[in-house]
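The structure appears below as structure tokens.
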Amino acid sequence: MSAATATSPYGHEPGKPFECLSIAVELRKEQFIDDYGQVAYKVGFKIGGGIDQDPTRAPYLYPDTGVYITQIEHGSPAERAGLMQHDKILQVNGTDFTMLTHDKAVKYIKKYPVLHMLVARKEIPMEDAV
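Each residue of the sequence shown is one higher than the one before, starting from 1 at the first, in the UniProt record's numbering.
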């Protein structure tokens with residue numbers, strides 16, 4: 001690792017490389033019919049952040065402009081997949097989430113019925129780390 005590579009995903013400057021332990025998560029959304037009779041998919045989490053957001057104005061004091069999970073719905077696909085509130089989303093289906101605006105992150109998450117995610121967690125048990 002070079003001196004220019006950070007060792008933490010927290011406080012990360014977008015566009016700068018970093019190395020960290022991460023958790024691989026496969027989230028399969030639940031399919032349902034919405035109020036308009038259309039097929040929709042339930043993921044069960046909400047996000048906050050993005051490179052266009054000011055982290056000092058957010059309800060949670062995240063240290064950077066990353067995309068964070070701010071809420072997990074009980075009994076949801078997100079909870080069953082092992083995601084937790086305050087996980088930082090590093091990657092979804094191979095796309096770097098450390099460089100996305102909030103709107104692009106939301107649209108990307110909604111786009112796919114299965115999400116292959118890499119997330120960072122403040123305290124990662126070593127057996128879960130990738």
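Virtual Cβ for every residue (Gly too), placed ideally from N, Cα, C.
Everything numeric in this text was worked out from a predicted model, so none of it was measured.
| query | In this structure, does DSSP put ASP96 in helix, strand or coil? | reply | Three-state DSSP puts ASP96 in a strand.
Review point. Just how far apart, CA to CA, sit LYS111 and TYR41?
Key: Distance between the alpha carbons of LYS111 and TYR41 is about 9 Å.
Span separating the alpha-carbon of GLU13 from that of GLN53 = Rounded to the nearest angstrom, the gap between the Cα atoms of GLU13 and GLN53 is 13 Å.
Next item on the list: Would you kindly work out how many angstroms separate the C-alpha atoms of THR98 and GLY37, rounded to a whole number?
Entry: The straight-line gap from Cα to Cα measures roughly 35 Å.
From ILE69 to PRO63, what does the alpha carbon distance come to, in whole angstroms? Rounded to the nearest angstrom, the two C-alpha atoms are 14 Å apart.
Q. So, using beta-carbon positions, are GLY50 and LEU83 closer together than 9 Å?
A. No. Outside cutoff.
Would ALA58 pass as a contact of GLY48 if the rule is Cβ separation under 9 Å?
-> With a cutoff of 9 Å on beta-carbon distance, ALA58 and GLY48 are scored as near each other.
Using the rule of at least 16 other Cβ atoms within 10 Å of the residue's Cβ for burial, across every protein chain shown, is ILE33 buried or exposed? Exposed, because fewer than 16 other Cβ atoms sit within 10 Å of the Cβ of ILE33.
Using the Cβ count rule (16 or more neighbours within 10 Å means buried), how would you classify GLU26? Counting Cβ neighbours within 10 Å, GLU26 comes out exposed, since fewer than 16 surround it.
* Under the three-state reduction of DSSP, which class applies to ALA58: helix, strand or coil? -> ALA58 falls in the coil class under three-state DSSP.
Identify whether GLU73 lies in helix, strand or coil by the three-state DSSP scheme. In the structure shown, GLU73 sits in coil (DSSP, three-state: anything other than H, G, I, E or B).
Have a look at ASP96 and ASP35 and give me their C-alpha separation to the nearest angstrom. If you take the alpha carbons of ASP96 and ASP35, they lie about 33 Å apart.
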